[in-house]
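Just add 53 to the spot in the sequence shown (first one is 1) and you have my numbering.
Every residue gets a Cβ at the ideal spot worked out from N, C-alpha and C, and that includes glycine.
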Amino acid sequence: PAMLPVHNVPRKGGRRDGGDARSVPVIQLCIVFLLLVYAAVLHVSLGVVSTACGDAAARASNGDAPSAAPALPSVPPGRDEDKLQRSPPPPQQQQQQQPVAPHAASGTSVSGSASTVRTGVVVLGMHRSGTSIVGGLMSKMGLNVGPNHLLIQPNFDNKKGFFERVDVVLQNDQLMGEQGVSYSLNTHRYDYQRAIKQALTRSGEKFFKEGTKALAFLNNPSSMPWMLKDPRLCITLRTWLPLLSSVPAVLFTYRHPLDVARSLHVRYERFQFPRSLKLWLSYNRSAVRGSKDLCRVVTSNSRVLSSPRGELDRIYDELRGCGLDVPHKVAQSDIDEFIDPSLQHGKMSLTDNSCGELRRGGVDTAVAIAARHKSTQQWTPSDDTQRKLLYDVLRVYCDLEDGTALRAGYEWPEYPDH
């Protein structure tokens, strides 16, 4: 601020002249001094902020990418989940929201802190893993999936419906396609940081048109609590998180890999078993790694089918424990409608107990287990590479069953899906 000329400051007695500056009242000099100090502090603060913003912009322009694939979470363990948030929560939630201190999964069904309010839940699971059953039952709990005309409609291979938003599926396909990735090819190469940069810098283009429509729903307080489902989110989840107004809960589900492989084989894709097993590894690995610092509830297709009432009540309780205001438990009539094992493509016995046998044996044991599995009657590993792949996949499945694969530091086998 400009200083007042000394000759305009009234002297004691009302005189205005060019007298000595020492005659200026002390209190006015103090005011001027304080204003100068304030201006100096403001200047320094703005300089610090400008430097920090410049550094952030430089990092974004350099396109910093993770050193290994698949992409690991952008917020390291021990950091607050709310660092992912790009805008404040809805006004009615601001007083309740508390910082989240996420930690790696401990092998229990829920990981992460429940000390925050969640506005939605993301269902993660590999294709053909029962995510549609879970998604449909979540919608019957009162979670909002959006208007029906914006969802993928039921068809011959999913008669109950998919409960997937068309805009999210299309945007995920485009995010992956920009990197030479598809839902069934090269998923291990997906770089979520590169995709975030594209979403932010190309938001005015058609590139993120579908994503913008999806975010208008997900970030609208009137849509909450919502449920979002698309198996591709196992790969792209970390791209969406910074674009959401708050950090969601996660419901992760998985299915026996041989059942999934059989289902993909009999469907129109006609995928060969080795390719499907590699995809199963890639999707589940990315889902677990990408959600390890979020409040995560874990279930499986076999648990939902074998004990639907108890399992769905547990999911309801634990999602509410994550801070998600799930409106109500699912009605028994809805369970009876959705749980239809006859619609499962490639069914594994719900009483499968081969994990103990696998742990006592090795590769040959895995081959013997697969030979007894109804889903693999049309496939036998043809060489040592396929035999090792089969063993590794079954081992990971067993590690998901007892929670070992959910723990920090778990070593996932790497098999590129190309």
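Beta-carbon proximity list for L196, same chain, < 8 Å, skipping 5 on both sides: G173, V174, P278, W279, M280, V379 and P380
Pick from T352, L411, Q246 and N406 that is closest to P15, judged by C-alpha positions: Limits of the chain in this structure are 54 at one end and 471 at the other, which puts residue 15 out of reach.
Proximity of D445 and P466 at Cβ, strictly below 8 Å: yes
Inter-stretch contact at 8 Å, needing at least 3 Cβ pairs: the region 347–359 / the region 298–311: yes
Whole-angstrom distance between T184 and A423, CA atom to CA atom: 24 Å
Collapsed DSSP secondary structure at T478 in the structure displayed: Absent from the structure is residue 478, since the part of the chain shown begins at 54 and ends at 471.
Inter-stretch contact (C-beta, 8 Å, three-pair minimum) for the region 381–388 and the region 204–223: no
Three-state class that DSSP yields for P144 in the structure shown: Confidence in P144 is poor, its pLDDT being 36 and thus under 50, which makes the residue's placement too unreliable to answer from.
Burial state of G363 (16 or more Cβ within 10 Å): exposed
CB-CB length for V313 against S335, believed under 8 Å: In fact, because the Cβ distance is near 12 Å, the residues do not count as touching under 8 Å.
Pairwise C-alpha distance: S355 and L290: 24 Å
Coil, strand or helix - N337 by DSSP: helix
Straight-line gap, G189 to E322 (C-alpha atoms, nearest Å): 24 Å
Candidates P310, P200 and I205: closest to F270 by CA position: P200
Under the three-state DSSP convention, the category V351 falls into: strand
Pick from M194, R181 and H180 that is closest to L372, judged by C-alpha positions: M194
Alpha helix (DSSP H) segments (min. 4 residues) lying fully within the region 305–333: 310–319
Beta-carbon spacing of D226, A267 below 8 Å: no
Exposed unless 16 or more other CB atoms sit within 10 angstroms - verdict on T240: buried
Contact under 8 Å by Cβ, P284 with G414: no
Residue closest to A509, alpha-carbon to alpha-carbon, out of T433, P361 and V198: In the structure displayed, the chain extends from 54 to 471; residue 509 sits before or after that span and is not available.
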